[in-house]
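S.K.: One gets our numbering by counting positions in the sequence shown from 1 and adding 13 to each.
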Amino acid sequence: MSTQNLTDGFHALIDAFKKNDINNIYAVAGIPITDVLRLAVEREMKVIAFRHESNAGHAAAIAGYLTQKPGICMTVSAPGMLNGMVALANATVNCFPMILISGSSDRAISELKRGDYEELDQVNAAVPYAKLSIRVNRPEDIGLAIARAYRVAVSGRPGGVYVDIPGEVLATTVDKDVAEKSMFRIVDPAPAQLPGKAALDRAIDLLASAERPMILLGKGAAYAQAENEVKDFVESNKVPFLPMSMAKGILPDSHEQSAAAARSHTIGNADVVLLCGARLNWLLNQGQGPLWSDDTKFVHIDIEPIEMDSNRLIHAPLVGDIKSTLAALTEGLKAKGGMKPSEEWLNSIKERKERNFERMAKRLEADPSPMNFSSALRAVRDGFNANPGTILVNEGANTLDFARSIIDMEEPRKRLDTGTWGIMGIGMGYAIGAAVETGEAVLAVEGDSAFGFSGMEIETIVRYNLPVVTVIFNNSGIYRGDAPGTDPSPTGLLPARYDKMIEAFGGVGYHAEDSASLQKAVDEALKARKPALINAVIDPTAGTESGNITHLNPQSALSKS
Ligand code: ADP
Ligand code: MG
Numbered sequence: 014m015s016t017q018n019l020t021d022g023f024h025a026l027i028d029a030f031k032k033n034d035i036n037n038i039y040a041v042a043g044i045p046i047t048d049v050l051r052l053a054v055e056r057e058m059k060v061i062a063f064r065h066e067s068n069a070g071h072a073a074a075i076a077g078y079l080t081q082k083p084g085i086c087m088t089v090s091a092p093g094m095l096n097g098m099v100a101l102a103n104a105t106v107n108c109f110p111m112i113l114i115s116g117s118s119d120r121a122i123s124e125l126k127r128g129d130y131e132e133l134d135q136v137n138a139a140v141p142y143a144k145l146s147i148r149v150n151r152p153e154d155i156g157l158a159i160a161r162a163y164r165v166a167v168s169g170r171p172g173g174v175y176v177d178i179p180g181e182v183l184a185t186t187v188d189k190d191v192a193e194k195s196m197f198r199i200v201d202p203a204p205a206q207l208p209g210k211a212a213l214d215r216a217i218d219l220l221a222s223a224e225r226p227m228i229l230l231g232k233g234a235a236y237a238q239a240e241n242e243v244k245d246f247v248e249s250n251k252v253p254f255l256p257m258s259m260a261k262g263i264l265p266d267s268h269e270q271s272a273a274a275a276r277s278h279t280i281g282n283a284d285v286v287l288l289c290g291a292r293l294n295w296l297l298n299q300g301q302g303p304l305w306s307d308d309t310k311f312v313h314i315d316i317e318p319i320e321m322d323s324n325r326l327i328h329a330p331l332v333g334d335i336k337s338t339l340a341a342l343t344e345g346l347k348a349k350g351g352m353k354p355s356e357e358w359l360n361s362i363k364e365r366k367e368r369n370f371e372r373m374a375k376r377l378e379a380d381p382s383p384m385n386f387s388s389a390l391r392a393v394r395d396g397f398n399a400n401p402g403t404i405l406v407n408e409g410a411n412t413l414d415f416a417r418s419i420i421d422m423e424e425p426r427k428r429l430d431t432g433t434w435g436i437m438g439i440g441m442g443y444a445i446g447a448a449v450e451t452g453e454a455v456l457a458v459e460g461d462s463a464f465g466f467s468g469m470e471i472e473t474i475v476r477y478n479l480p481v482v483t484v485i486f487n488n489s490g491i492y493r494g495d496a497p498g499t500d501p502s503p504t505g506l507l508p509a510r511y512d513k514m515i516e517a518f519g520g521v522g523y524h525a526e527d528s529a530s531l532q533k534a535v536d537e538a539l540k541a542r543k544p545a546l547i548n549a550v551i552d553p554t555a556g557t558e559s560g561n562i563t564h565l566n567p568q569s570a571l572s573k574s
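1. I'd like to know whether the C-beta atoms of Leu157 and Ser117 end up nearer to each other than 8 Å.
2. Please specify which runs of the beta strand (DSSP E), each continuous and at least 3 residues long, are wholly inside the stretch 88 to 151, giving them in chain order.
3. Does the distance from the CB of Asp536 to the CB of His524 come in under 8 Å?
4. Would you kindly check if the distance between the Cβ of Pro553 and the Cβ of Gly494 is under 8 Å?
5. Sort out for me which residues DSSP pairs His524 with in a bridge.
6. Given 8 Å as the limit, is there contact between the stretch 387 to 402 and the stretch 197 to 208, that is, 3 or more CB pairs closer than that?
7. Identify the continuous alpha helix (DSSP H) that holds Tyr78 and give its terminal residues.
8. Does the distance between the C-beta of Asp284 and the nearest non-hydrogen atom of the ligand MG fall short of 7 Å?
9. Report all residues from its chain with a CB closer than 7 Å to the CB of Asp188; omit the five preceding and five following residues, and keep chain order.
10. Whether or not the stretch 334 to 353 and the stretch 229 to 247 are in contact is what I'm after, with contact meaning three or more pairs of Cβ atoms, one per stretch, closer than 8 Å; do they touch?
11. Whose CA, out of Lys427, Asn385 and Gly302, lies closest to the CA of Gly556?
12. Would Phe464 be called buried (16 or more neighbouring beta carbons within 10 Å of its own) or exposed?
13. Applying the criterion that 16 or more other CB atoms from any shown protein chain within 10 Å of the CB defines a buried residue, is Arg428 buried or exposed?
14. Is Asn566 near the ligand MG, with its Cβ less than 7 Å from a heavy atom?
15. How about Ala212 and Pro330: do their beta carbons lie closer than 8 Å?
16. Within 7 Å: the Cβ of Pro171 and any heavy atom of the ligand ADP?
17. Measuring CA to CA, which of Leu230, Ala273, Glu269 and Met259 is closest to Val312?
18. Between which two residues does the alpha helix (DSSP H) carrying Glu153 extend?
19. Could you tell me how far apart the beta carbons of Met352 and Pro226 are, in whole angstroms, since I believe they sit closer than 8 Å?
20. At a cut of 8 Å, does the stretch 452 to 460 reach the stretch 56 to 70 through at least three beta carbon pairs?
21. For Ala239, does the three-state DSSP call read helix, strand or coil?
22. Specify the secondary structure class of Gly302 as computed by DSSP and reduced to three states.
23. Would you mind reading off the limits of the beta strand (DSSP E) that contains Val252?
24. For the beta strand (DSSP E) that contains Val176, what are its first and last residues?
25. Under the assumption that Glu526 contacts Pro383 (Cβ atoms under 8 Å), give the Cβ distance between them as a whole number of angstroms.
26. First and last residue of the alpha helix (DSSP H) that includes Lys210?
27. Considering only residues of the stretch 415 to 451, which uninterrupted alpha helix (DSSP H) runs meet the minimum length of 4 residues and lie entirely inside it, listed in chain order?
28. Name the two residues that bound the continuous alpha helix (DSSP H) containing Leu339.
29. If we require 3 or more residues per run, which beta strand (DSSP E) segments fall completely within the stretch 354 to 390?
30. Any heavy atom of the ligand ADP closer than 7 Å to the beta-carbon of Lys232?
31. Return the CA-CA distance between Val99 and Glu193, expressed in angstroms with no decimal places.
32. Are the CB atoms of Leu565 and Ser559 nearer to each other than 8 Å?
33. Is Met422 a contact residue of the ligand ADP, with contact defined as CB to any heavy atom under 7 Å?
34. Counting C-beta neighbours from all protein chains within 10 Å, is the total for Pro92 16 or more, i.e. buried, or is it exposed?
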C-alpha cells in the first residue's frame, strides 16, 4: 500500500498546535508520547523535557498566565497523567489557562478492565479539576479537540483543560487531505466583554460618592495585562490601591498611591472598594471581620458572573473583562469630575505608611549572624534590584511571607508565587516556564522544604542552560529548623549543602553564610544569566510555625495543654 497520501495522529497533533501558534510543550517523555515530542522538536517547536510531570505542568500553567495562551503539558498515561493533574487543578484554581494532554492505554482493553499497561479512566479522573475533559478517538478529530481546548482554557474565567489521546490514535493513519481540512485556527479566543450600561452607571455612581475608596488589584488584572487601564483609573481618580501578592507590580510598589504598607488600615476603613481581578477568598478573610468592616460597599469586576456575592453582598457587580470595564469606568467617572477621596482618608493612609516604612527600615538594619529571614531578604532584594527585568518566583512559609513585604515589584507579572492554594512545589516549574516564555532571568527564592518538591528540576535548568538562579533559605526545617520532638522530627530537615546539587549537574553553586556574600552571589549569578544555586544559611531558630497562617493550623484545648 502506498503511504504517500497518508498522515497520522502524531503529525496531526503537531499541525493542530502550529495552526494555533502554540510553540512550546512542557513534558515528560514515555509511552505513548515519546515520538510526538521527537516530532515536535523536528518541526521546530520548543520541547522542555522535565523530570516530573507535576513540574512540567506548573511550567505550562505559568506559561498560560504570562502569555494569555494555554500552556501545554504532555504526559504519559495513568501515573504521569495523575502527576500532571496536580498542576492542572492548581491552574484551574488560579485561573491560568493550561491544556494537559496525556497519552492513554488501549481503549478496547482498558474499557473492559482487562488490565492494560497503565490503565486508568483518565477522562473521568480529570473531570473535577478541569473546565473540560475530553478524549480524541480519531486522528481527524485532533484539530477540533485542540482548538476547542484552547478556547475553553482562555475564554471566560481561564483554567485547565484535559485532552486524552489513546496511543493508538497517534499511530492511526488518515488521508492527508482529510487531516488538513480538519485543522482550524480559532478567532478571537477571549473576546472583550463589557457590562451593560445600567451596571456601569450603578458602579460609577457608587465610586463617585465614595469618601474613603480603595481599589484592590488581584492577579486577574495582571493576567488581563490591564496595567495601562489600571494606571489611568488609579491616577485620574487619586484612589489608593492595594495589590494582592501576584498583582504587585501592575503599578510599581513604589507608586505614591500604593497603600500596601497600610494594608489593614485601608481594608478596614474603606467605604467603597473596587475589587478588580481578585476574589474575596481565604486570602482576604472571605470579606469578613476583623479585617473588613460590615459597612464597606463593593464594586466588583470579574469575568465570572458567579464570583459575585460569593462571600458578601456586591453592591455593583460588573461582569466583564478588566481592560474594557476599567476603561469604561475611567471614562464614565471623568464625565462626573472623577472620584473624590477625602484628604483626611489619603492623609491617614500616608501617615500609616510612613510609620510602617520606618518600622521596616529598622527591622532591615540588623545584620545578625547567622542570618535571619529579614537580613537575608534585604541582601536578596538588593541583588534582585540591581538586575531590572528579573522575574521573582517565591515559595516557602516564612520565606514567602517575608519576601512579599521586603521585595518590591516595579513591573507587572514579575512576581510568581504560591497563589490561590498557597501550595508548595511550584518553584522550579514556574521558574522554568517563566524563563522559557520570557527569556528574562529568573530568581527563585525558596524555603529549603519548598525546594524539595521540585528540586530535581535543577538538572532540567542546567540541561537547557536557563538563566534561573535559585536561592535556598536553608534553616534545615519545614517552618523552623529547631523543631522540638522526636529525632528526626517530622518538620526537621538536614542542614544540607544544596549548592553541591547543582554542581553535580555542572551548574554554579554558592554557599552564603552572611548577608554581604549572599547579595554578591545573587547579583553575580543573575548577571551571568547561567544556572546557579545559592545555599543561604538561615538561623534554624528564625521564623514561625506555618508563617503568617499559623491560625489555620488546627489546635484544640487538648493540643494546647
Ligand atoms: P488574587 O489571588 O490575586 O486575589 P484571584 O485568583 O483570587 O486573584 O482572582 C482572579 C480573578 O480574576 C478571578 O476571579 C478571575 O475570574 C478573574 N479574571 C481573570 N481574567 C480576567 C479578565 N480578563 N477580566 C476579568 N476578570 C478576570
Ligand atoms: Mg525551612
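Even for Gly, the Cβ is constructed at its ideal location relative to N, Cα and C.
M.R.: Based on what the coordinates show:
1. No, they are not a contact pair.
2. Fully enclosed beta strand (DSSP E) runs of 3 or longer: 111 to 117 and 145 to 148.
3. 8 Å or more divides the Cβ of Asp536 from the Cβ of His524.
4. Yes, these two residues count as a Cβ contact at 8 Å.
5. DSSP output for His524 lists Asn548 as bridge partner(s).
6. Verdict: no, contact absent.
7. Looking at the DSSP string, the run of the alpha helix (DSSP H) that includes Tyr78 is Glu66 to Thr80.
8. A distance criterion of 7 Å places the beta-carbon of Asp284 beyond contact range of the ligand MG, judged by its closest non-hydrogen atom.
9. The residues are Asn18 and Leu19.
10. The stretch 229 to 247 makes contact with the stretch 334 to 353, as at least three CB pairs between them are under 8 Å.
11. Looking at the Cα atoms, Asn385 is the closest of the given residues.
12. Buried, because 16 or more other Cβ atoms sit within 10 Å of the Cβ of Phe464.
13. With at least 16 other beta carbons inside 10 angstroms of its own, Arg428 counts as buried.
14. Outside the cutoff, so no.
15. A contact, by the Cβ cut-off of 8 Å.
16. Between the ligand ADP and the CB of Pro171, the shortest heavy atom gap is smaller than 7 Å.
17. Scanning Leu230, Ala273, Glu269 and Met259 for the CA closest to the CA of Val312 turns up Leu230.
18. Element bounds for Glu153: n/a, residue is neither H nor E.
19. By a beta-carbon distance limit of 8 Å, Met352 contacts Pro226. Their separation comes to about 6 Å.
20. Inter-segment contact for the stretch 452 to 460 and the stretch 56 to 70 is absent: fewer than three beta-carbon pairs are separated by less than 8 Å.
21. In the three-state reduction of the DSSP assignment, Ala239 falls in the coil class, being assigned neither a helical nor a strand state.
22. Residue state, collapsed to three classes: coil.
23. Premise fails: Val252 is in no beta strand (DSSP E) and is neither H nor E.
24. Run containing Val176: Gly173 to Pro179, per the beta strand (DSSP E) assignment.
25. At roughly 7 Å, the Cβ-Cβ gap stays under 8 Å, so Glu526 and Pro383 are in contact.
26. Where Lys210 is concerned, the enclosing alpha helix (DSSP H) stretches over Lys210 to Ser222.
27. Counting whole runs of 4 or more residues, the stretch 415 to 451 contains the alpha helix (DSSP H) stretches 440 to 451.
28. Ile335 to Ala348 is the span of the alpha helix (DSSP H), which, as asked, contains Leu339.
29. With a minimum length of 3 residues, no continuous beta strand (DSSP E) run stays inside the stretch 354 to 390.
30. Checking every heavy atom of the ligand ADP against the Cβ of Lys232, one is found closer than 7 Å.
31. Val99 and Glu193 have their C-alpha atoms some 34 Å from each other.
32. Yes, the pair counts as a contact, with Cβ atoms nearer than the cut-off.
33. Met422: no, Cβ never under 7 Å from the ligand ADP.
34. Classification for Pro92: exposed.
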